[in-house]
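Residue numbers for the sequence shown follow the UniProt record's numbering, so the first one is 1 and each next one is one higher. Think of the CB as a built atom: it goes at the ideal place given N, C-alpha and C, for glycine as much as any other residue.
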Amino acid sequence: MRYWTAETTGLGETVTSLIDYIEQLLQPRGQDTASLFYKAPAAWLCQHLWDRYLYSQDDKFLKDRAYKLMKGASLFWMDALVKDRGNGSLVSSPSQSPGHGPFTEGSALDQQLIFQLWNRTLEAAVSGSVNEKDKVFVQELTTKLANLSRGLKIGNWGQLQEWNLDLDDPHDRPAHLGPLYAVYPGDQIYLQQQDASQVVSREEEEPTMRELLEAARVSLLRYSDGGVSGEGNGFEQGWSRAWRAVTWARLNDGHQTTRALDTFKHQNLVSPNLVPLSLKDLPGHVGFGAAVIEMLVQSPRPGDVNILTCFEGLPDRWAIQGKVAGYRTRDGHVVAFEWKDRRVRIVELAAVLRKGAVNLRIATLMSAEGEGGVGKKEVEMITVVMKGSKKPVPFEKDRDVLRFTVAKGSTYVVQVDRLEQ
């Protein structure tokens with residue numbers, strides 16, 4: 001959580017110390033220790049390696065540092081997983097969900113972490129052009145990934161299951177959001193820019209993305225219910241409140257995000273210097289910042305940039321007017337935008353590190369022509385130009401999503417105007 005705002009705010013160099021630490025864990029006896037002790041945190045830490053590559057687009061870093069660490073963690077899990085006694089899928093054992101004591105097999109958090117790690121490792125292998133030595137590894141990993149339980153199951157009260165079996169207690173109020181890792185900081189569950197009904201599951205028996213999103217909301221509502229005061233349920237820890245807030249933001253629920261941030265502000269920002277009484281709660285302050293950023297702009301996956309998706313729940317003092325500059329996307333692009341009267345007016349996207357297609361979602365765009373208030377109609381005028389040029393850039397509009405292609409080193413300006421008819 002301490003690094004949740006590092007990449008998006010352009011402070012990616014601060015992650016270098018974490019990567020140095022991860023590498024030092026493997027020396028001189030780290031690999032021996034890994035074979036003897038439980039190593040679930042490695043899969044979580046490896047996400048920072050992949051993010052560092054995405055935000056920096058540094059191929060040398062990927063090849064020389066990130067891929068080696070990710071491959072090592074993947075190899076550990078390839079040996080450590082066992083077959084589920086029910087359906088034969090691969091699950092972690094022993095496994096545990098944070099905040100709960102009993103050991104089990106295939107907790108949702110473990111499975112989601114491993115699924116994400118293996119996918120990222122395969123992407124890294126392909127991005128670095130697989131050598132002959134790694135071809136066998138890639139084939140074996142691909143086979144095991146196809147048999148891996150993803151940790152995405154929906155239980156009897158509509159929740160994302162925390163366990164491999166449907167054992168969730170609806171009265172639990174855990175501090176950890178184990179089964180919701182796939183929403184944030186992971187990206188297995190995400191609001192798609194296309195109609196979710198068009199998405200086909202990997203297997204028929206698996207839930208669709210729309211069903212998973214609804215299950216995530218059900219779980220988060222239940223986990224958050226009664227947690228405003230934080231009495232007796234572990235919510236008083238700032239990191240827990242911050243995780244809830246940023247997860248609501250990733251689900252594009254501005255009202256719940258604002259509610260969670262208000263709770264954090266009144267319960268965890270009580271000291272005159274805003275420093276928590278306990279240093280163990282310091283990560284929550286960084287998580288608070290991550291939630292604020294996610295309310296305004298998101299880059300959940302490469303190629304996608306989402307702007308003001310939580311605008312309906314923004315505090316009035318935010319929604320009236322504002323601007324953001326210096327936001328970094330998972331393609332290494334730099335984004336700035338301004339809004340006024342709850343409408344985005346201008347967006348600038350600088351393709352600093354790479355070329356490619358961009359899906360720019362501006363949540364305040366009209367989904368159809370001719371919308372407007374009572375007694376009036378409006379039309380929306382959208383222009384996309386390369387900065388320094390008046391020549392229009394071709395784009396496609398699908399409801400609130402603009403799709404266009406960018407060239408490395410160029411900056412693109414999107415202007416949105418509304419005219420009354």
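Inter-residue spacing [alpha-carbon to alpha-carbon] between Gln288 and Gly99:
Residue mapping note: residue 288 aligns to position 288 of the sequence shown, counting from 1. Residue mapping note: residue 99 aligns to position 99 of the sequence shown, counting from 1. In the sequence under discussion, the amino acid at residue 288 is Phe, which differs from the Gln named in the question. So the alpha carbons of these two residues sit roughly 21 Å apart.
Is it right to say Met70 is buried, meaning 16 or more other beta carbons lie within 10 angstroms of its own, or is it exposed?
For this step, residue 70 is matched to residue 70 along the sequence shown. With 16 or more Cβ atoms within 10 Å of its Cβ, Met70 is classed as buried.
Is Arg250 near Tyr190, with beta carbons less than 9 Å apart?
Start at 1 with the first residue of the sequence shown, and residue 250 comes out as number 250. Start at 1 with the first residue of the sequence shown, and residue 190 comes out as number 190. Taking the C-beta atoms as reference points, Tyr190 is found nearer than 9 Å to Arg250.
For Asn306, the residue or residues it bridges with in DSSP
Translated into the one-based positions of the sequence shown, residue 306 becomes position 306. In the DSSP assignment, Asn306 is bridged to Gln298, Arg361.
Ends of the beta strand (DSSP E) at Leu402?
Looking up residue 402 in the sequence shown gives position 402. In the DSSP assignment, Leu402 falls within the beta strand (DSSP E) that extends over 401-406.
Going along the chain, which residues of its own chain have a beta-carbon closer than 8 Å to the beta-carbon of Trp4, five neighbours each way excluded?
As a first step, residue 4 must be located in the sequence shown, where it is residue number 4. Counting only Cβ-Cβ distances below 8 Å, and skipping sequence neighbours, we find Pro185, Val246, Val286, Gly287, Gly289, Ala290.
Member of Ala407, Ser299, Arg361 whose CA lies at the smallest distance from the CA of residue 422:
In this structure the chain extends from 1 to 421, so residue 422 is not present and cannot be described.
Using DSSP with H/G/I as helix, E/B as strand and the rest coil, what is Arg328?
The count along the sequence shown starts at 1 and reaches residue 328 at position 328. It is a strand residue.
Consult DSSP for Val379 and reduce its assignment to one of helix, strand or coil.
The count along the sequence shown starts at 1 and reaches residue 379 at position 379. In the structure shown, Val379 sits in a strand (DSSP, three-state: E or B).
Residue closest to Asp79, alpha-carbon to alpha-carbon, out of Ser92, Phe404, Leu402, Lys68:
Numbered from 1 along the sequence shown, position 79 holds the residue referred to as residue 79. With distances taken between Cα atoms, Asp79 lies closest to Ser92.
Is Arg301 closer than 9 Å to Asp187 when the C-beta atoms are compared?
Here residue 187 is taken as the residue at index 187 of the sequence shown, counted from 1. Here residue 301 is taken as the residue at index 301 of the sequence shown, counted from 1. Cβ atoms of Asp187 and Arg301: closer than 9 Å.
Just how far apart, CA to CA, sit Asp331 and Leu54?
By 1-based counting over the sequence shown, the position of residue 331 is 331. By 1-based counting over the sequence shown, the position of residue 54 is 54. One C-alpha to the other measures close to 6 Å.
The alpha helix (DSSP H) enclosing Phe137, as first and last residue numbers:
By one-based count along the sequence shown, residue 137 stands at place 137. 132-146 is the span of the alpha helix (DSSP H), which, as asked, contains Phe137.
Do you know offhand how far Ile293's Cα is from His171's?
For the purposes of this step, residue 293 is taken as residue 293 along the sequence shown, with counting starting at 1. For the purposes of this step, residue 171 is taken as residue 171 along the sequence shown, with counting starting at 1. Across the structure, Ile293 and His171 are spaced so that their CA atoms are roughly 31 Å apart.
Three-state secondary structure (DSSP) at Gly10?
Taking the first residue of the sequence shown as position 1, residue 10 is located at position 10. Gly10 falls in the coil class under three-state DSSP.
Thinking Leu81 and Leu75 are a contact (beta carbons under 8 Å), I'd like their distance in whole angstroms, please.
Residue mapping note: residue 81 aligns to position 81 of the sequence shown, counting from 1. Residue mapping note: residue 75 aligns to position 75 of the sequence shown, counting from 1. About 12 Å separates the beta carbon of Leu81 from that of Leu75, a gap too long to meet the 8 Å contact definition.
Asn252 and Thr309 look like a contact to me (Cβ under 8 Å); what is the Cβ gap, rounded to whole Å?
Within the sequence shown, numbered from 1, the residue matching residue 252 stands at position 252. Within the sequence shown, numbered from 1, the residue matching residue 309 stands at position 309. With a Cβ gap of about 4 Å, Asn252 and Thr309 count as contacting.
Given 8 Å as the limit, is there contact between the segment 17-24 and the segment 337-356, that is, 3 or more CB pairs closer than that?
Output reads no: the segment 337-356 does not touch the segment 17-24.
Determine the DSSP secondary structure at Val347, reduced to helix, strand or coil.
Numbered from 1 along the sequence shown, position 347 holds the residue referred to as residue 347. Correct three-state label for Val347: strand.
Would you report the Cα separation of Trp318 and Arg173, rounded to the nearest angstrom?
Position 318 of the sequence shown, counted from the start, is the residue given in the question as residue 318. Position 173 of the sequence shown, counted from the start, is the residue given in the question as residue 173. Trp318 and Arg173 have their alpha carbons spaced roughly 31 Å apart.
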